[in-house]
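There are 2 protein chains.
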Amino acid sequence: MADLEKALEKQVSRRSFLKTTGIGLGVAAGALVLGTGVVGAQTTQAPGAVPEAALPYVELDPEDARLRGHAAYWKAGCSYGPFYAVVSMLREKVGGPYNQIPLRMLGYGRGGVANWGTICGALNGAAAAINLVAPDADTNKLVSELVGWYTGFAFPSKEANAIGVAGGFKYDEKPYPKLELVTSVSDSPLCHASNAKWIAKSGFLLPTNERKERCARLTGDVAAKAVELLNAWKAGKFVATFKVDDQTASCLSCHAEDQEGKMACVSCHEPH
Amino acid sequence: MADLEKALEKQVSRRSFLKTTGIGLGVAAGALVLGTGVVGAQTTQAPGAVPEAALPYVELDPEDARLRGHAAYWKAGCSYGPFYAVVSMLREKVGGPYNQIPLRMLGYGRGGVANWGTICGALNGAAAAINLVAPDADTNKLVSELVGWYTGFAFPSKEANAIGVAGGFKYDEKPYPKLELVTSVSDSPLCHASNAKWIAKSGFLLPTNERKERCARLTGDVAAKAVELLNAWKAGKFVATFKVDDQTASCLSCHAEDQEGKMACVSCHEPH
Chain A
1 MADLEKALEK QVSRRSFLKT TGIGLGVAAG ALVLGTGVVG AQTTQAPGAV PEAALPYVEL
61 DPEDARLRGH AAYWKAGCSY GPFYAVVSML REKVGGPYNQ IPLRMLGYGR GGVANWGTIC
121 GALNGAAAAI NLVAPDADTN KLVSELVGWY TGFAFPSKEA NAIGVAGGFK YDEKPYPKLE
181 LVTSVSDSPL CHASNAKWIA KSGFLLPTNE RKERCARLTG DVAAKAVELL NAWKAGKFVA
241 TFKVDDQTAS CLSCHAEDQE GKMACVSCHE PH
Chain B
1001 MADLEKALEK QVSRRSFLKT TGIGLGVAAG ALVLGTGVVG AQTTQAPGAV PEAALPYVEL
1061 DPEDARLRGH AAYWKAGCSY GPFYAVVSML REKVGGPYNQ IPLRMLGYGR GGVANWGTIC
1121 GALNGAAAAI NLVAPDADTN KLVSELVGWY TGFAFPSKEA NAIGVAGGFK YDEKPYPKLE
1181 LVTSVSDSPL CHASNAKWIA KSGFLLPTNE RKERCARLTG DVAAKAVELL NAWKAGKFVA
1241 TFKVDDQTAS CLSCHAEDQE GKMACVSCHE PH
C-alpha cells in the first residue's frame, strides 16, 4: 500500500482526489449511518464503507440514456447496457460514490442471465440502477412498473428505429445494422419469450446482427424508460399504472398465495 | 466538500483512510486502465473511478456464506442474500474496492425481480457477486453452472435443514421457524416455478413464515454453492458439469437459433 500511496500522491492532490472519487462523501456520510447494511454481530462494520442508503439522484436525459444503452449493448450486452447508461450519467452529474461502482458488474445478465433466457437482461440492468438511487419500497414499485411496461411494449420503439435508420447512435464505435426493424410485443419479461416472438415475426435468427441490433435498440429503450420513471419519481410524480391482464387477474383471484409472480399465466398454463 | 474534508481529517489519518476504503488501490490501478469501462467519445473517463476489471478474489468459507445468506434473506430478501454474503466476506478478507459497492443494490431481485416471479433472486444476487470477481467469459460459465445446478437441486439442502432445526443460524437477529422443511426440485431457475412446486409439496402458502424460511435456507444454499464454484475456479479446478436434459436437448437440435435459453422446454411447451 505504501508504494501505491506514493504513486498516488504524485498524481493527484488530496483535494482533487476526494473530489474525483467522492470518497470523502462516502466516509463522512458513512460515519453517520454506520452498520446499517451489516447483518449480525460477527460481521465487520467497515468505517470507510459506502453508506447503505439510496444514493443521490438528479434528473437525467432519457434520450441520452437511449444512446448510451444501445452503444453499451454492443460493448458488453443487454444487461450491462442500461446499468452503464444510468450509472455513467450519474458519474458525470453526481460523481462521488458512483465512481466506485464497477459498471461491468451487471454483465452476467446477458441473454436472460448467462444465456439462460430468464429475465430480460435490459430489465435486470435497469433494475439494479434503480435500486442504487431509490429506497427499497420505491425500488419495488419502479421496477415492477418497468417490467409491466416492457411486457406490453412493441420493441424496438419508433424513436430507436428512427435513430437506427438515420445512423444516429452517436456513441457507437463500430457499425450496426441501420435498417428499420419490425416490432413485437413479448407479453412476458423473459428474454426467451421476447426473443422467440421477435425472431418468429422478423425471420432474423438469434445469431444474426439484425437480431442483436433489435436487442440493442430494446436495451436503449429500456434505459430511456428507466430514466423517465426515475425522473418522474424524483419529481414526486410517479404513479404506477401497470395492471395484470384480466385473464391473469382471474387466475390470481384463486392463486395469489400458492405461487409468486405477475407473469401472464396462460403463456405456460392451460386455463381451467 | 471542504467541510466534509475537515470532518474527515478529524476522524481518520490519510493512511488509515486509504487502507480502510482501499480507494488508493482503485485510483492507482485505475490510472493504468483508464477508460476501459467507458463507451464512446462523449462520456467522461473519471480518473478516480474503480478499474473496470475483475476484482481480487480469495478463497471463502462456503459454510459462512450459508449462514450469512440465510440471515441476509430475513433482512432484505433472497437477492440481497448471496450478494451480501459474498461481498461482506470479501470486505473482511480483501477490503478495498468491496467497501465502496453498496450491498443493498441487489435487493430489487426479490421474488424474481420486484415480485414478478422471474429469475430466482438468490441466483441473481449470487451471479452479481460472481461477476464482480470473474472476467466476463468465466462469469458466464460459472453463473450458467450455478443456474443449472439450481434447477436440479432439492432445496433446502440437508445442511441448511440441519442448521435450521438446531437453531444454528448464528447471524440471525430475530427468530425463524426451526422445523425440518420438506424439499423440492424446481426444474426451473424461475422463482415462480420454484415457489409453486415447494408450496404444492409442503402445503405452506407464500405468505407463511415457513415458506419464507424455505427461501431463506435456499438463499444460504445458493450463496454456499456460489462460493464453492468460485473457490474451485480460483484454484483452477472449475469444470462445468451442467447439461440440459435429453428432452430439451432434442428440442434444441432444431430450436437453437430461434430462441434464447436453456430452460426445460416442456415446462411451458407441448412436445411435438
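Line by line, the protein sequences give chains A and B. Sequential numbering from 1 applies to the first sequence in my numbering. Sequential numbering from 1001 applies to the second sequence in my numbering. Idealized CB from N, CA, C, for every residue including glycine. Since this is a predicted model, take the numbers as computed values, not measurements.
Tell me whether Ala1049 (chain B), by its Cβ, gets closer than 8 Å to a heavy atom of the ligand NAP. This structure does not include the ligand NAP; it has no bound ligands of any sort.
Interface residues of chain B around Asn99 (chain A) at Cβ under 8 Å? Ala1046, Gly1048, Ala1049 and Val1050
Which listed residue (B:Gly1111, B:Tyr1080, B:Gly1077 and B:Thr1139) has its alpha carbon closest to that of Ala76 (chain A): B:Thr1139
Output yes if chain A places a C-beta closer than 9 Å to the C-beta of Cys1191 (chain B); else output no. yes
Kindly give me the distance between the Cβ atoms of Leu1181 (chain B) and Ser1202 (chain B), rounded to whole angstroms, as I take these residues to be in contact under 8 Å. 7 Å
Given a cut-off of 9 Å, decide if Val1050 (chain B) and Pro1097 (chain B) are closer than it, judged by their beta-carbon atoms. Between Pro1097 (chain B) and Val1050 (chain B), the CB-CB gap stays under 9 Å.
List the DSSP bridge partners of Ser1184 (chain B). B:Phe1155
Measuring only between beta-carbons, confirm whether Leu1229 (chain B) sits less than 9 Å from chain A. It does not: the Cβ of Leu1229 (chain B) has no partner Cβ on chain A nearer than 9 Å.
When the Cα of Ala1249 (chain B) is compared with those of B:Val1266, B:Ala1162 and B:Ala1235, which residue comes out closest? Across the set B:Val1266, B:Ala1162 and B:Ala1235, the C-alpha of B:Val1266 shows the shortest separation from the C-alpha of Ala1249 (chain B).
Does Leu106 (chain A) pass the burial test, meaning 16 or more other C-beta atoms within 10 Å, or should it be called exposed? buried
Among the residues of its own chain, which have a CB less than 7 Å from the CB of Glu59 (chain A), if the five just before and after it don't count? If we look at Glu59 (chain A) and ignore the five residues flanking it on each side, its Cβ neighbours are Asn231 and Lys234.
Evaluate Ala1154 (chain B) with the Cβ neighbour count: other Cβ atoms within 10 Å of its Cβ, from every protein chain shown; 16 or more gives buried, anything less gives exposed. Ala1154 (chain B) should be labelled exposed.
Quick one: what's got a C-beta closer than 6 Å to Cys1215 (chain B)'s C-beta in the same chain, skipping five residues either side? Cys1078
Whose CA, out of A:Gln247, A:Ala71, A:Gly152 and A:Arg217, lies closest to the CA of Ser186 (chain A)? Closest by alpha carbon: A:Gly152.
Per-residue burial, Asp246 (chain A) [other beta carbons within 10 Å of its own, 16 or more giving buried]: exposed
Check for me: the alpha helix (DSSP H) holding Ala1065 (chain B) runs from which residue to which? Note, Ala1065 (chain B): alpha helix (DSSP H), Pro1062 to Ala1076.
In the DSSP output, which residue or residues are listed as bridge partners for Leu1190 (chain B)? B:Ile1119
Any contact of the stretch 59-75 of chain A with the stretch 157-164 of chain A, i.e. 3+ C-beta pairs under 8 Å? Yes, they touch.
List the whole-angstrom C-beta distance separating Pro1102 (chain B) from Glu52 (chain A), where the pair is believed to meet the contact cut-off of C-beta under 8 Å. Taking 8 Å as the upper bound for CB-CB distance, Pro1102 (chain B) and Glu52 (chain A) are in contact here, some 6 Å apart.
Closest by C-alpha distance to Pro56 (chain A), when choosing among A:Pro62, A:Tyr80, A:Arg66 and A:Val86: A:Val86
Does the stretch 113-122 of chain A come close enough to the stretch 1105-1122 of chain B that 3 or more CB-CB pairs lie under 8 Å? yes
Taking 9 Å as the threshold (beta carbon to beta carbon), is Met263 (chain A) in contact with chain B? Closer than 9 Å to some Cβ of chain B, the Cβ of Met263 (chain A) qualifies, so yes.
Measuring only the C-alpha atoms, how far is Pro62 (chain A) from Phe169 (chain A)? 14 Å
Residue span of the alpha helix (DSSP H) that contains His1255 (chain B), given as start and end: Asp1246 to His1255
When the Cα atoms are used, what is the spatial distance from Pro1177 (chain B) to Asp1221 (chain B)? 17 Å
Proximity below 9 Å, CB of Leu1146 (chain B) to CB of Ala1224 (chain B): no
Could you give the DSSP three-state label for Val143 (chain A): helix, strand or coil? When secondary structure is reduced to three states using DSSP, Val143 (chain A) falls in the helix class.
Report back the beta-carbon spacing between His192 (chain A) and Gly1261 (chain B) to the nearest angstrom; my notes put them in contact at under 8 Å. 4 Å
Where Asp221 (chain A) meets chain B, residues with beta-carbon distance less than 8 Å: Ordered by position in chain B, no residue passes the 8 Å Cβ test against Asp221 (chain A), which lies about 17 Å from the chain.
Please list the residues of the stretch 147-163 of chain A that have a C-beta atom closer than 8 Å to any C-beta atom in chain B, keeping them in chain order. Val147
Please list the partners that Val1113 (chain B) has in chain A, where partner means a Cβ-to-Cβ separation under 8 Å. Ile119, Leu123, Asn124, Ala127, Val143, Val147 and Pro189
By the 10 Å Cβ neighbour count, where 16 or more other Cβ atoms means buried, how is Thr359 (chain A) classified, buried or exposed? One cannot answer for residue 359 (chain A) here, as it falls past the ends of chain A, which runs 1 to 272.
Pick helix, strand or coil for Ala226 (chain A), following the three-state DSSP scheme. helix
Let me confirm a value: Leu142 (chain A) is counted as buried when at least 16 other C-beta atoms fall within 10 Å, else exposed. Which label applies? buried
Answer with yes or no whether the minimum CB distance from Pro1056 (chain B) to chain A is below 9 Å. no
Taking Cβ-Cβ distances shorter than 8 Å, what residues in chain A pair up with Asp1258 (chain B)? Ala196, Ile199, Ala200, Leu205 and Leu206
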